[in-house]
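First comes the structure, then the notes that go with it.
Residue numbers (this note's numbering): -16 to 211.
In structure tokens:
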């Protein structure tokens, strides 16, 4: 099978402006089958059919078959975090780390990140759709940016020490997705911008800039509505 690499130059949406998208294709040779092509490129027959809009397994010589999904390339900018990039583009941090074989969340300006434009985001979007508008009862506690072991920087990159007016809660991302806008009973509108080792399931930690306010908050059972 003769490989062809198609490069498409275009102005990309969602922060990809000025970068390129590309998809790997092969030219079908006499005797080739979808199964053989899928096996050679470690993808499934169903993926090949989806990427090429095929309604059957029938292929013919000289036909061009896409064997990898279209991929976007994002160039990291100053101030970017994996969370910000993921949230902006409707994918998860895990998606980005998997696609780029990253072991940590550390990235740097000018770094190029590959984005699989057809896979990975569906699960993230479906989970967001399932939670939007949902009201849940949670066990709430409070914290400050100066708690023991705290850096003052949230999981999503919010600097709470320099921005004490931010309305932030720490969540279990499996219950409330990071980046969600929420309404917290008795606290108001906030962003789910942080996590915590002790925050599991229907539990949240509410950020207050004043130590005494956080201490006085204690433990409460309250309602949280996920806005978006």
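Positions of the beta carbon are idealized from the N, C-alpha and C atoms, including for glycine.
Applying the criterion that 16 or more other CB atoms from any shown protein chain within 10 Å of the CB defines a buried residue, is residue 98 buried or exposed? Against the chain shown, residue 98 aligns to sequence position 115. The residue in question, residue 98, is buried, as its Cβ has 16 or more Cβ neighbours within 10 Å.
Straight-line gap, residue 203 to residue 186 (C-alpha atoms, nearest Å): In the chain shown, residue 203 corresponds to position 220, counting from 1. In the chain shown, residue 186 corresponds to position 203, counting from 1. Distance between the alpha carbons of residue 203 and residue 186 is about 10 Å.
Across which residues does DSSP place residue 99 in a beta bridge pair? If you number the chain shown from 1, residue 99 lands on position 116. Answer is 54, bridged to residue 99.
Please work out which residues of its chain come closer than 7 Å, Cβ to Cβ, to residue 197, disregarding the five sequence neighbours upstream and downstream, and give them in chain order. Numbered from its first residue, the chain shown carries residue 197 at position 214. 125, 126, 127, 191, listed in sequence order.
For the alpha helix (DSSP H) that residue 32 lies in, which residues bound it at each end? Within the chain shown, numbered from 1, the residue matching residue 32 stands at position 49. 28 to 34 is the extent of the alpha helix (DSSP H) around residue 32.
State whether the stretch 64 to 75 contacts the stretch 24 to 37, with contact taken as three or more CB pairs (one from each stretch) at a distance under 8 Å. no
Please classify residue 166: does DSSP put it in a helix, a strand, or coil? Counting from 1 along the chain shown, the entry for residue 166 is found at position 183. Looking at residue 166 - three-state DSSP - the assignment turns out to be strand.
For a quick check, are the C-beta atoms of residue 210 and residue 188 less than 8 Å apart? As a first step, residue 210 must be located in the chain shown, where it is residue number 227. As a first step, residue 188 must be located in the chain shown, where it is residue number 205. Their beta carbons are not under 8 Å apart, which means residue 210 does not touch residue 188 by this criterion.
Taking DSSP as the reference, what is the three-state secondary structure of residue 194? Numbered from 1 along the chain shown, position 211 holds the residue referred to as residue 194. Here residue 194 sits in helix by DSSP.
What does DSSP give as the partner residue(s) for residue 174 in the beta ladder? Translated into the one-based positions of the chain shown, residue 174 becomes position 191. Answer by DSSP bridge pairing, in chain order: 151, 164.
Which residue from 135, 117, 144 puts its Cα closest to that of residue 206? The residue labelled residue 206 in the question sits at position 223 within the chain shown. Minimum Cα distance to residue 206 is reached at 117.
Using the Cα positions of residue 83 and residue 94, report the straight-line distance between them to the nearest angstrom. One-based indexing of the chain shown puts residue 83 at position 100. One-based indexing of the chain shown puts residue 94 at position 111. About 11 Å.
Skipping 5 residues on each side, what residues in its chain have a beta carbon closer than 7 Å to that of residue 48? Residue 48 sits at position 65 when you count from the first residue of the chain shown. So the list reads 8, 9, 11, 20, 31, 35, 42, once near-sequence residues are dropped.
Around the Cβ of residue 92, are there at least 16 other Cβ atoms within 10 angstroms (buried) or fewer (exposed)? Taking the chain shown and counting its residues from 1, the one referred to as residue 92 is at position 109. Classification of residue 92: exposed, given that the 10 Å Cβ count is below 16.
Would you identify the three-state DSSP class for residue 23, choosing helix, strand or coil? Here the question's residue 23 lines up with position 40 in the chain shown. Three-state DSSP puts residue 23 in a helix.
Can you check whether the CB of residue 144 is closer than 8 Å to the CB of residue 135? As a working mapping, residue 135 is identified with position 152 in the chain shown. As a working mapping, residue 144 is identified with position 161 in the chain shown. Against a cut-off of 8 Å, the Cβ pair of residue 144 and residue 135 comes out as a contact.
Whose CA, out of 90, 38, 81, 18, lies closest to the CA of residue 50? Locating residue 50 in the chain shown gives position 67, counting from the first residue. The candidate whose alpha carbon is nearest that of residue 50 is 18.
According to DSSP, is residue 11 helix, strand or coil? Residue mapping note: residue 11 aligns to position 28 of the chain shown, counting from 1. It is coil, neither helix nor strand.
Could you check what DSSP says for residue 117 in three-state terms: helix, strand or coil? The residue given as residue 117 occupies position 134 in the chain shown. Coil.
Quick one, are the C-beta atoms of residue 182 and residue 141 less than 8 Å apart? Residue mapping note: residue 182 aligns to position 199 of the chain shown, counting from 1. Residue mapping note: residue 141 aligns to position 158 of the chain shown, counting from 1. The answer is no: Cβ separation not under 8 Å.
Looking only at its chain, what residues have a beta carbon closer than 8 Å to the beta carbon of residue 16, apart from the 5 residues adjacent to it on each side? By 1-based counting over the chain shown, the position of residue 16 is 33. 40, 42, listed in sequence order.
Return yes when the Cβ of residue 79 is within less than 8 Å of the Cβ of residue 96, no when it is not. Here residue 96 is taken as the residue at index 113 of the chain shown, counted from 1. Here residue 79 is taken as the residue at index 96 of the chain shown, counted from 1. Yes, the pair counts as a contact, with Cβ atoms nearer than the cut-off.
Closest by C-alpha distance to residue 184, when choosing among 165, 138, 122: Translated into the one-based positions of the chain shown, residue 184 becomes position 201. Closest by alpha carbon: 122.
Span separating the alpha-carbon of residue 199 from that of residue 193: Within the chain shown, the letter at position 216 stands for residue 199. Within the chain shown, the letter at position 210 stands for residue 193. If you take the alpha carbons of residue 199 and residue 193, they lie about 10 Å apart.
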